[in-house]
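Trainee: Protein chains in written order, with numbering that gives the first Met the number 0: chain E, 0 to 307; chain Y, 0 to 307.
Here a beta-carbon is modelled for each residue, glycine too, at the ideal position from N, C-alpha and C.
2 protein chains.
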Amino acid sequence: MSKENTQIRFVKRPAPGYFDPKETFAILKSPLPTQNELKDDQIMRSNAIGEVVLSKNPKFKVGDMVQAFLGWQKYGLTDGNPPPGAVLHDYLGIFGETGLTAYFGLLESKPKPGDTVVISGAAGATGNIAGQIAKIKGARVIGIAGSEEKCNWLVNDLGFDIALNYRDPEFVKKLAKATPRYIDVYFDNVGGDILDQCLKRIAKNGRIVLCGAISQYNEAQPKGPAFYTALISQRAKMEGFIILDYVKRYPEAINELSKWIQEGKIKRKEFIIEGLENAPEGLLRLFNGHNTGKMLVKVCDENIKSKL
Amino acid sequence: MSKENTQIRFVKRPAPGYFDPKETFAILKSPLPTQNELKDDQIMRSNAIGEVVLSKNPKFKVGDMVQAFLGWQKYGLTDGNPPPGAVLHDYLGIFGETGLTAYFGLLESKPKPGDTVVISGAAGATGNIAGQIAKIKGARVIGIAGSEEKCNWLVNDLGFDIALNYRDPEFVKKLAKATPRYIDVYFDNVGGDILDQCLKRIAKNGRIVLCGAISQYNEAQPKGPAFYTALISQRAKMEGFIILDYVKRYPEAINELSKWIQEGKIKRKEFIIEGLENAPEGLLRLFNGHNTGKMLVKVCDENIKSKL
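#1: Anyone know if the C-beta pair for Gly120(E) and Gly113(E) falls short of 8 Å?
#2: Tell me whether the beta-carbon of Thr97(Y) lies closer than 8 Å to the beta-carbon of Lys264(Y).
#3: Quick check on the DSSP output: the beta strand (DSSP E) that includes Gly104(Y) runs from which residue to which?
#4: Is the Cβ of Thr366(Y) closer than 8 Å to any Cβ of chain E?
#5: Mind the definition here: the segment 270-277 of chain Y touches the segment 238-251 of chain Y only if three or more C-beta pairs lie below 8 Å; say whether that holds.
#6: Please confirm if the segment 98-118 of chain E is in contact with the segment 133-151 of chain E, defined as three or more CB-CB distances below 8 Å between the two stretches.
#7: In whole angstroms, what separates the C-alpha of Ile42(Y) from that of Gly288(E)?
#8: Can you find a CB in chain E that lies within less than 8 Å of the CB of Asp183(Y)?
#9: Assuming Ala229(Y) is part of the beta strand (DSSP E), what are its boundary residues?
#10: Rounded C-beta distance between Ile201(Y) and Leu209(E)? I'm assuming under 8 Å.
#11: Tell me which residue opens and which closes the alpha helix (DSSP H) that Lys134(Y) is part of.
#12: Classify Val189(Y): buried if its beta carbon has 16 or more other beta carbons within 10 angstroms, exposed otherwise.
#13: Leaving out five residues before and five after Asp183(Y) in sequence, what residues of the same chain have Cβ atoms less than 6 Å from its Cβ?
#14: Throw me the rounded Cβ distance for the Leu163(Y) and Ile143(Y) pair, which I believe falls under 8 Å.
#15: For a contact defined as C-beta to C-beta under 7 Å, what are the partners of Arg234(Y) on chain E?
#16: List the residues of chain E whose Cβ lies closer than 8 Å to the Cβ of Gly223(Y), in chain order.
#17: Cα-Cα, which of Gln196(E), Gly191(E), Leu243(E) and Pro20(E) is closest to Ala177(E)?
#18: At a CB-CB cut-off below 7 Å, which residues of chain E make contact with Leu230(Y)?
#19: Please report whether the beta-carbon of Ala219(E) lies at a distance below 8 Å from any beta-carbon of chain Y.
#20: Cβ closer than 7 Å: which chain A residues qualify as neighbours of Gln261(E)?
#21: Anything in chain Y within Cβ reach of Ala212(E), meaning under 9 Å, just list it in chain order.
#22: Look up Asp183(Y) in the DSSP assignment and say whether it is helix, strand or coil.
#23: Can you say whether Glu147(Y) is buried or exposed, counting buried as having 16 or more other CB atoms within 10 angstroms of its CB?
#24: Roughly how many whole angstroms lie between the Cα atoms of Phe9(E) and Pro224(Y)?
#25: When burial is assigned at 16 or more other CB atoms within 10 Å of the CB, is Asn80(Y) buried or exposed?
#26: Please list the segments of the beta strand (DSSP E) lying wholly inside the segment 194-239 of chain E, counting only runs of 3 or more residues, in order along the chain.
#27: Just the Cα atoms here: how many angstroms apart are Glu276(Y) and Gln233(Y)?
#28: Note down, in chain order, each residue of its chain lying with its Cβ closer than 6 Å to the Cβ of Lys297(E), except the 5 sequence neighbours on either side.
#29: Hey, could you find the ends of the alpha helix (DSSP H) Asn254(E) is sitting in?
#30: Could you tell me the alpha carbon to alpha carbon distance between Asp40(Y) and Tyr185(Y), rounded to whole angstroms?
#31: Distance check for Cys150(Y) and Asp167(Y), CA to CA, integer angstroms please.
#32: For the beta strand (DSSP E) holding Phe297(E), just list the boundary residues, first then last.
#33: How long is the line joining the alpha carbons of Lys222(Y) and Thr228(E), rounded to whole angstroms?
#34: Taking the Cβ atom as the reference point for each residue, do Ala124(E) and Gly145(E) lie within a distance shorter than 8 Å?
#35: With DSSP as the reference, identify every bridge partner of Asn277(E), one or two as the case may be.
#36: Just how far apart, CA to CA, sit Tyr102(Y) and Ser108(E)?
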């Protein structure tokens with residue numbers, strides 16, 4: 000077992016508009032810290048799977064596999080519960096933050112059979128699961144993504160009814176054509192212009208689920224949705240949520256999602272970044288939409304492989 | 000009875016940013032039209048009280064007083080039901096569109112005793128009633144208005160806890176100070192910067208009731224709320240509504256409001272524009288915030304006086 004810890008530290012807040020992974024993060028090698036030191040060193044939360052190497056917790060022994068918010072580091076402190084048995088990677092994807100976000104966010108919008116559900120960032124970790132759940136619930140599902148390849152994956156592999164490439168110059172026209180009965184549920188991962196275009200198409204009593212606004216996070220002057228007044232004329236609502244409020248219902252969600260996976264109704268895709276040192280670059284790719292499916296960072300493989 | 004009708008016609012859509020009442024509207028004198036002609040001439044909806052001068056409806060006889068959407072004209076066509084008995088003017092104000100909007104909009108946000116409720120356009124027809132209802136429900140009520148005079152009226156006459164003048168250079172600071180436990184309910188009549196400032200102060204699970212966006216209606220480039228992502232971090236929602244969806248509950252609302260008026264818990268104020276010819280100018284004043292309370296246009300008085 001190595002006595003050295005590798006951590007990625009967040010060292011400089013990036014200027015709006017763009018971030019340079021090399022300036023924003025530093026890779027730090029240091030002696031294996033004690034538990035007290037680790038608390039100070041927990042620099043960013045990032046969901047991870049790890050192996051217990053040191054324990055004062057009677058529930059966990061050395062060698063157990065755990066899932067937790069460990070930060071971007073080789074060794075992290077956790078006191079969480081172990082996840083119920085399943086394919087290990089799923090606890091970072093569909094049973095992790097992104098999948099549970101899709102589950103609770105989409106279901107809180109109460110899609111009915113035949114409803115038109117539009118999902119932005121549809122090829123992302125949360126979006127693709129949200130769309131598949133909407134299909135299971137009988138909705139007509141339209142995904143919005145940033146390339147033809149992603150759109151093909153959504154329609155051909157995942158069964159979305161329509162997928163639209165927002166980089167297509169005809170996007171606005173195609174969105175209108177794809178939503179003749181307007182949009183009952185819009186699950187928004189991106190904000191910006193796409194949110195505005197979907198507000199223009201929102202149906203009476205429509206629901207906008209605010210999951211994220213990745214197009215705006217790095218903007219110097221974040222842009223609000225100019226057409227938000229459509230919420231008035233259409234008696235519609237726009238609501239944000241955070242899955243941490245649903246912790247007590249995680250088991251329910253994981254059971255339901257497991258069932259759908261077993262029935263072949265939900266597929267998953269992972270986009271693996273090899274090596275912790277490449278995590279900052281991977282984060283940038285997330286903002287630029289390079290990934291399809293859930294992005295994971297493989298920190299090291301030998302121990303995990305021995306367990307799988 | 001005059002054989003001539005006076006109508007204000009909407010003749011030219013104003014350029015964004017400002018409207019000139021003289022260019023936008025035309026005053027038309029014409030012979031008293033038949034019912035068929037009147038349909039073509041119904042140019043703008045505007046709630047009014049009138050006297051029946053011609054009737055083919057067995058429920059109404061000439062001389063009955065009615066309340067209806069008649070348009071800006073001396074003679075209008077209606078087949079509506081007569082309002083239940085009360086002070087006549089109240090059917091244009093507190094029992095009319097603006098009061099019922101306050102009632103349903105505010106109550107749908109479910110304010111609890113002790114909640115912090117913030118109301119913009121608080122000295123307007125809807126805002127002042129919404130604030131008074133919030134007080135009745137035990138909330139701590141903060142009104143936002145555009146002059147010291149309006150603020151004094153809200154606090155001293157209507158019992159608002161605090162009133163803030165948005166033209167005060169210290170407004171943002173004062174809003175933060177006035178909302179130490181953040182904002183549970185924000186009843187928005189104005190949109191624009193004030194909506195953004197209230198989003199910055201929205202509480203966890205806060206509710207934003209979108210009633211109107213008067214600051215944006217005439218803008219060439221309407222501005223969306225840049226801080227709408229606070230809805231995500233605060234698990235808050237922003238919802239629009241239209242009182243026409245509540246028509247079946249109007250009697251309930253009017254009963255409740257009548258009771259509060261009789262108990263002295265709700266006061267009303269009217270801002271009278273004398274003469275139909277001055278209605279276009281009055282509309283401009285509404286956008287510029289010249290009115291305190293409900294703006295009414297007095298079309299003519301002799302018949303109404305004889306009935307009161």
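Mentor: Inspection of the coordinates gives the following:
#1: no
#2: no
#3: Here Gly104(Y) belongs to no beta strand (DSSP E); instead the alpha helix (DSSP H) covers Glu96 to Glu107.
#4: Nothing about residue 366(Y) can be reported from this structure: the residues present for chain Y run from 0 to 307 only.
#5: no
#6: yes
#7: In this predicted model, Ile42(Y) has a pLDDT of only 35, less than 50, meaning its place in the structure is not dependable enough to derive any value.
#8: no
#9: Note, Ala229(Y): premise wrong, no beta strand (DSSP E); alpha helix (DSSP H) at Ala229 to Ser232.
#10: Not a contact, Cβ separation roughly 13 Å.
#11: Ala124 to Ile135
#12: buried
#13: Asp114, Thr115, Ala202 and Gly205
#14: 5 Å
#15: Gly239, Phe240, Ile241 and Asp244
#16: Asp195, Lys222, Gly223, Pro224, Ala225, Phe226 and Tyr227
#17: Gln196(E)
#18: Leu209, Met237, Glu238 and Gly239
#19: no
#20: The chain labelled as chain A is not found among the protein chains of the depicted structure, namely E and Y.
#21: Tyr227, Thr228 and Ile231
#22: strand
#23: exposed
#24: 30 Å
#25: Low confidence applies here, because Asn80(Y) scores a pLDDT of 45, under 50, leaving its location unreliable and the question unanswered by this model.
#26: 201-209 and 236-239
#27: 48 Å
#28: Ile271 and Glu273
#29: Tyr249 to Gln261
#30: At Asp40(Y) the pLDDT is 35, less than 50, meaning the model places this residue with poor confidence and gives no usable figure here.
#31: 12 Å
#32: With the sequence shown as reference, residue 297(E) is identified as Lys, and Phe is not the correct amino acid for it. Per DSSP, Lys297(E) belongs to the beta strand (DSSP E) from Lys293 to Lys297.
#33: 10 Å
#34: no
#35: Answer by DSSP bridge pairing: none, since Asn277(E) is not bridged.
#36: 26 Å
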